[in-house]
Amino acid sequence: MAFQPIYDVAVERVWGYEALIRGTAGEGAYQVLSQVQPEQKYLFDQSCRVKAIELASRLFPRGNGLKLSINFMPNAVYEPAACLRATLSAARTFDFPRQAMMFEFTEAEEIVDTDHLRKIIAEYRRQGFITALDDFGAGYAGLGLLADFQPDLLKIDMKIIRGVDTDRARQAIVRAIVGVARELGITVLAEGIETEAEFLVLKAAGIALFQGYYFARPAFEALPPLMQGMPDRVTVAA
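Residues 853 to 1090 in the numbering used here are what the sequence shown lists, from first letter to last.
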């Protein structure tokens, strides 16, 4: 796993870290996931969760309230409560608080059973986890999915973010997403931020949570420092 910070501009500190799949030789998530066969999805999903929790329990400073964000494949979850057993067991084993965990529904696969997804969301919330819809506006993560269920957090895809500072259409779309999210009580996160100009436009639009190379690149089995000049009140180096 590699870790990339999520920055909270309202309090000028790191809000949490997303755990990103990496190969042992540094291969990216796509290269790794492309090798996972359908019959392996469930065990792979479970193994990634446990590994992310294990590493976070070792790397995260105690008492700072940092969140751990984990991606997972909804179609790999056959029964919500049963599939959480390994997650809950890992949280107990590594003494990691469940309320500090956020699960992101990946856009990489179509949700074939929305009722099943609702059951997953309900069970995860019952267990105290935060839920997020990843890469909103790309792939299968669109308005139809948002209409079917409402997560705690919505991550705007980088395809909408890229060049938003000079693109009126993208600015209008972002304002609309922020407005809808506010009406539904959903927190918005902008991912894939690469420039200060993008950051400032999105901040002015009312977004508080940010992620991207502008703040820090992912670090393999480590918590990367924020880029020079970014205020940060959280000490992450041991």
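Ideal placement from N, C-alpha and C gives every residue a C-beta, glycine not left out.
- By the C-beta density criterion, P949 is exposed, having fewer than 16 other C-beta atoms within 10 angstroms.
- S886 sits in coil when the DSSP states are folded into three classes, being neither helix nor strand.
- For F1001, the CB contacts under 8 Å within the same chain, skipping 5 residues up- and downstream, are T966, L969, R970 and I973 in chain order.
- Taking the Cα of W867 as reference, the smallest distance to any Cα among A933, A904, M1010 and A1060 is reached at A1060.
- Annotation for D897: the continuous alpha helix (DSSP H) segment containing it runs K893 to L911.
- Taking a cut-off of 8 Å for Cβ pairs, the stretch 892 to 901 and the stretch 1045 to 1064 do not touch, as fewer than three such pairs fall below it.
- Boundaries of the alpha helix (DSSP H) around M1010: M1010 to I1013.
- DSSP, reduced to helix, strand and coil, places D860 within a strand of the structure shown.
- The beta carbon of A942 lies closer than 8 Å to those of R901, V902, I905, E906 and F948 in the same chain, with the five residues before and after it left out.
- Distances from the CA of I982 to each of P1003, L1052 and L995 were compared; the closest alpha carbon is that of P1003.
- For E1073 and S899, the gap between their C-alpha atoms comes out near 16 Å.
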